[in-house]
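Position 473 (the sequence shown) corresponds to 480 in this note's numbering; numbering is contiguous.
Yeah, the Cβ is synthetic: ideal placement off N, Cα and C, and Gly gets one too.
What follows is a short report on a single structure.
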Amino acid sequence: MMMHAVGARSVSRDLGGWRDDAGRRPAYRALADGIRLLVHDGRIPLGAALPGERELAGELQVSRTTVTTAYSVLREEGFLSSRQGSRSTVTMPAAPPRAPAVGSARRPEAGDVVDLSYAAMVAPVLEVQEAYSAALQALPPFLDTHGMEPHGIAVLREAIAARYCARGLETTPAQIMVTSGAQHAFRLLLGVLTAPGERVLVDHPTYPNALAAVRRVGGRPVPVPVRPEGGASRAWDLGGIRSAARQTAAGMAYLIPDFHNPTGLCLDDAGRAELARIARETRMTLVVDETMVDVWLDAPPPAPVAAHGRGLSEVVTIGSVSKSHWGGLRVGWIRAEPELIGRLVGSRSASDLGTPVMDQLAAVHLLDAGDGPVEARREILRAQRAVLLDELAARLPDWVPTVGTGGMSLWLRMPAPVSTALAATAPSHGVVLAAGPRFGVEGAFERYIRLPYARPADELRRAVAGVAAAYDALGVTVDPAEPALVV
Ligand SMILES: Cc1ncc(COP(=O)(O)O)c(C=O)c1O
């Protein structure tokens, strides 16, 4: 399956200093190692066609034989597949992940285990209790109705629309549909806007449940790299998004430009304008997931992407109270043109008949409560992020974190591709982790791990001690000849 072609210039840029250790390895070997690393790290997606040998040789200023030999090494290892007369495409060898070396570690008691597989905080107890008390008070008028509102109750749609207006994006309640969380919102959109087999562009890495949803409807995720080294606000490869949209004729892109999960990065205003342009030019529906938008830590986000696509049916926004308030409410929404909202509402009855009225009323109360409680959560997250960074610097100094400007997690690059083995062995050391490849498409990100800072400081300290012990138990040796990625 060929997804899209990567250009010689893009490969050359990502390879960076692949020949810095000249003399220690033959050039073809260094080139093969560099390309393999880009595949592992998700920079070159599976299924992508590599540049032609002559073209890459020209760009890298090496002999064509060097490229030919590097490609045949990768072919032998199972990283490339080639057919007569067509370009080589990237594959992943079928070898199983390395078995974890679970040593003599003490098996922790259940209560000791820190679960870092979720990037989600506990509820702000008082606020949530108060919200449900207020919801109970507001319930009686709804008891005179059948209580099923596939659009969502008017008072909540008004509150959500008002929030967009306050952020500079004119919105009417008719453009809002309430859902049972942002995940539900995305699943409904996939059901209405994509057909089985269709391509959906995704950030790479991205939120794992979004990948699962794309696959569940028979869609094919097309990964477009998010490159932290591009700078916190310009990590999105907008040129790559435009060309992937054109080459694959994807009907939809699912992107998280606001404090991206897992990296915490935030796309700047110019990038947002460009995204809206790309959606218009390629007639691709851009689904912007704003679930994390209120979880800014260092600077608030620019105006919503949809503000650059005024009147554009191509930009659809989804949101949620899960991160700003509490995931247990199960309240999210879709902002789209009324015509699409109508189709979504029509399709909803196949899976549910509406979000519970009590939860919607509680959400109204929380949204009307102003920014105070959300700022209190941000303050907690800032402190916890600092603790996590300090602990990591002390115990795992050669792990390189991407520190975004918000969100709930760090995305860390490890010295060796052991993420699956690490996640497998970590529970024996008191930590549950989500391995890097869960955030990517077919085998990428073995060198990465996401560590959320949504848990309290004492748990984070224990967790990092556990992660460091688990990493030690793997007995990782780093090949000094392996080229470093330019980060
Ligand atoms: C980017 C992103 N989208 C969606 C979700 C799911 O949100 P909800 O709880 O509203 O379904 C999450 C939760 O972690 C998320 O990080």
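Give a yes or no on whether the C-beta atoms belonging to residue i and residue j are separated by under 7 Å.
i	j	result
E66	A12	no
E449	S426	no
V498	T362	No information on residue 498 is available, as it lies outside the stretch 8 to 494 that the chain covers here.
A138	L373	yes
A257	L208	yes
R1	L304	No information on residue 1 is available, as it lies outside the stretch 8 to 494 that the chain covers here.
T412	P235	no
A127	A370	no
D366	V338	yes
R71	E62	no
S124	P269	no
R389	V471	no
P58	V120	no
Would you say the beta carbon of residue i is closer than 6 Å to some non-hydrogen atom of ligand 2?
i	result
G188	Ligands displayed in this structure: ligand 1; ligand 2 is not among them.
Quick check on residue i: buried or exposed, where buried means 16 or more other Cβ atoms within 10 Å of its Cβ?
i	result
A251	buried
E156	buried
T484	exposed
L336	buried
T179	exposed
P212	buried
V132	exposed
G54	buried
A210	Before going further, note that residue 210 is Asp rather than Ala in the sequence given. Classification of D210: buried, given that the 10 Å Cβ count is 16 or more.
D405	exposed
G85	exposed
P424	buried
D40	buried
R20	exposed
C172	exposed
Q391	buried
Just verifying my parser: in three-state terms, what is the DSSP assignment at residue i?
i	result
I325	strand
L458	strand
G65	helix
S416	strand
V129	coil
L208	strand
Y214	coil
G339	strand
T292	strand
I387	helix
I51	coil
P148	helix
P422	coil
Review point. Is there contact here, the stretch 134-150 with the stretch 338-355, by at least three beta-carbon pairs under 8 Å?
Key: no
**Study point:** the stretch 460-479 contacting the stretch 131-145, beta-carbon criterion three pairs below 8 Å
**Key:** no
Exercise for review: Taking 8 Å as the threshold, find out whether the stretch 87-102 comes into contact with the stretch 279-297 through three or more Cβ pairs.
Suggested key: no
Practice item. Could you say if the stretch 454-461 and the stretch 409-421 meet the contact criterion of at least three C-beta pairs nearer than 8 Å? Key: yes
Check your understanding: So does the stretch 192-203 actually touch the stretch 386-406, counting three or more Cβ pairs closer than 8 Å?
Key -> no
Review point. Any contact of the stretch 310-317 with the stretch 278-293, i.e. 3+ C-beta pairs under 8 Å?
Key: yes
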